[in-house]
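K.L.:
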Amino acid sequence: MQAHVKTLSQPQRAAMLARVEKDAIGFASGTRSANQAWVFFDPYCSYCSDLWRETSLLKNQVAFVWIPVALLGDDSAALGAAMLDAAQPASLMWANEEAMRHAGTAMTLTAEPSEASLAKVALNTELMITVDPAARPPSVPLMYYRSSSGQVEIIAGAMDARALKAAMKLK
1 MQAHVKTLSQ
11 PQRAAMLARV
21 EKDAIGFASG
31 TRSANQAWVF
41 FDPYCSYCSD
51 LWRETSLLKN
61 QVAFVWIPVA
71 LLGDDSAALG
81 AAMLDAAQPA
91 SLMWANEEAM
101 RHAGTAMTLT
111 AEPSEASLAK
121 VALNTELMIT
131 VDPAARPPSV
141 PLMYYRSSSG
151 QVEIIAGAMD
161 ARALKAAMKL
171 K
């Protein structure tokens with residue numbers, strides 16, 4: 001995936017990000033910032049959980065929008081929908097991150113998510129796949145990032161905070 005991303009021009013990246021900004025349905029974390037990132041994630045993806053934890057170290061420099069998708073099955077859709085339904089989705093993300101880190105699997109739902117939110121996760125999944133049809137197979141985490149200077153980057157995969165900071169060209 002990362003090799004494919006390197007072939008994309010800045011106008012192509014900007015067009016993809018514009019579509020993600022317009023159509024993705026997610027929840028915010030971090031502070032208001034000129035540096036903005038939209039992250040496609042699957043709640044059952046351990047790499048996504050790792051990225052969530054690492055991005056918390058950058059929360060004062062980047063505004064993140066987390067966009068749940070279901071690449072790993074129906075349980076992913078249900079947990080992603082529950083996050084969209086939650087009054088405090090970040091709390092649910094932290095609980096899921098802890099379950100992934102300690103139990104090796106995603107947390108167990110205690111309530112059924114709404115049909116509306118299940119539909120939103122389905123739309124997010126379709127968006128992720130169609131925004132860049134040449135990127136096959138689709139994988140998560142996948143981040144679209146706009147720096148304060150307006151540069152658009154696409155970051156595929158998880159990385160630690162130091163590598164993420166370098167990829168985002170943050171100080």
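UniProt numbering applies: residue 1 is where the sequence shown begins, and numbers increase by one.
C-beta atoms are modelled at their ideal positions from N, C-alpha and C, and glycine is treated no differently.
Computed from a predicted structure; not experimentally measured.
(1) Note down, in chain order, each residue of its chain lying with its Cβ closer than 8 Å to the Cβ of arginine 32, except the 5 sequence neighbours on either side.
(2) Report, in whole angstroms, the separation of the C-beta atoms of tyrosine 144 and valine 20, which I expect to be a contact under 8 Å.
(3) Helix, strand or coil: how does DSSP classify alanine 106 here?
(4) With the cut-off set at 8 Å, would you say tyrosine 47 and alanine 158 are in Cβ contact?
(5) Assign arginine 162 to buried or exposed, taking buried as 16 or more other Cβ atoms, counted over all protein chains shown, within 10 Å of its Cβ.
(6) Which of the three DSSP states, helix, strand or coil, is assigned to glycine 80?
(7) Apply the 10 Å Cβ neighbour rule to aspartate 74 and answer buried if 16 or more other Cβ atoms are within range, or exposed otherwise.
(8) Under 8 Å by Cβ, that's how I've got alanine 81 and lysine 22 pegged, so tell me the actual separation to the nearest angstrom.
P.N.:
Once the coordinates are examined:
(1) Ala63
(2) 5 Å
(3) coil
(4) yes
(5) exposed
(6) helix
(7) exposed
(8) Not really, about 21 Å apart at Cβ, beyond 8 Å.
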